[in-house]
Each structure stands twice: as C-alpha cells, then as structure tokens.
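Residues 28 to 136 in this note's numbering are what the sequence shown lists, from first letter to last. Each residue gets a CB set at the ideal place from its N, CA and C atoms; glycine is no exception. Okay, structure first, notes after.
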Amino acid sequence: MEKRKCKVCGDTFFTNRSTQKYCSKECYAEARKKKCADRYQRQKAKREKQKKVEKKVKKTKYTGELAKYNDEAKQMGLTYGQYMIFLQTEKDREERKNAKQNIKKVEVC
Numbered sequence: 028m029e030k031r032k033c034k035v036c037g038d039t040f041f042t043n044r045s046t047q048k049y050c051s052k053e054c055y056a057e058a059r060k061k062k063c064a065d066r067y068q069r070q071k072a073k074r075e076k077q078k079k080v081e082k083k084v085k086k087t088k089y090t091g092e093l094a095k096y097n098d099e100a101k102q103m104g105l106t107y108g109q110y111m112i113f114l115q116t117e118k119d120r121e122e123r124k125n126a127k128q129n130i131k132k133v134e135v136c
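So, in structure tokens, the structure goes:
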C-alpha cells in the first residue's frame with residue numbers, strides 16, 4: 028500500500044492497487060465526466076473546423092457563369108429562378124424602350 032494524493036479532491040489516501048489515482052468512486056466518476064466532456068469539446072471543435080474547410084472547398088469548387096448569377100441573386104435576396112426572371116424582364120423593358128425609340132425615328136423621317 029502506498030500513500031497518494033487524489034487527483035480530483037486532493038485528499039491523501041492509501042492505494043489498494045498500484046494504478047489507483049482517485050480516493051473514491053465519486054472522485055473517479057467526476058474525473059471521468061471531465062475527461063469525457065473535454066474529449067467531446069475537442070471533437071466538436073475538430074468537426075467545426077472540418078466543416079469550415081469543406082465550405083471553403085465548396086465555394087471555390089463552383090466558379091462559372093451559373094455561380095456568378097447565383098451569387099448576384101443571393102445579394103438581392105432572390106432565388107436563382109427569381110433572379111433569372113428579373114433579368115429577363117429587364118431585358119424585355121430595354122427592348123420595348125428601344126423599339127419605341129425606333130418607331131419615333133421612323134415617324135420623324
């Protein structure tokens with residue numbers, strides 16, 4: 028038997044085994060809870076870090092005309108389909124405006 032200090036509560040105790048670190052089952056349970064909580068926090072941080080890396084990969088993965096339109100739509104608070112309809116209506120307005128101007132020019136001549 029060896030005299031040791033408990034790693035949780037700090038009390039001194041006599042060991043029953045050479046590997047004993049805690050004075051009671053309660054101290055062992057407390058240490059185990061802390062150990063599991065620490066492991067969970069480390070794993071959670073690792074998962075969050077991995078998600079950030081995956082997000083960056085996804086953003087750079089799709090670069091093209093479609094992605095450009097999608098980004099512009101998001102900035103305006105629209106979906107891709109809504110944005111495409113918006114662009115088409117703007118294009119139609121311009122065409123009608125130009126057509127009216129061409130008609131006025133023909134009438135003047």
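Where does R31 sit, in a helix, a strand or coil, going by DSSP?
-> strand
Residues near C33 in its chain [Cβ-Cβ closer than 7 angstroms; skip 5 each side] | F40, Y49, C50, C54
Taking Cβ positions, are R59 and T42 nearer each other than 7 angstroms?
-> no
Quick one: Cα of R74 to Cα of M103, how far?
-> 32 angstroms
One or two residues paired with F40 in a DSSP bridge = R31
What's the gap between the Cα of V35 and the Cα of E99?
-> 57 angstroms
Simplified DSSP state of Q47, which is helix, strand or coil | coil
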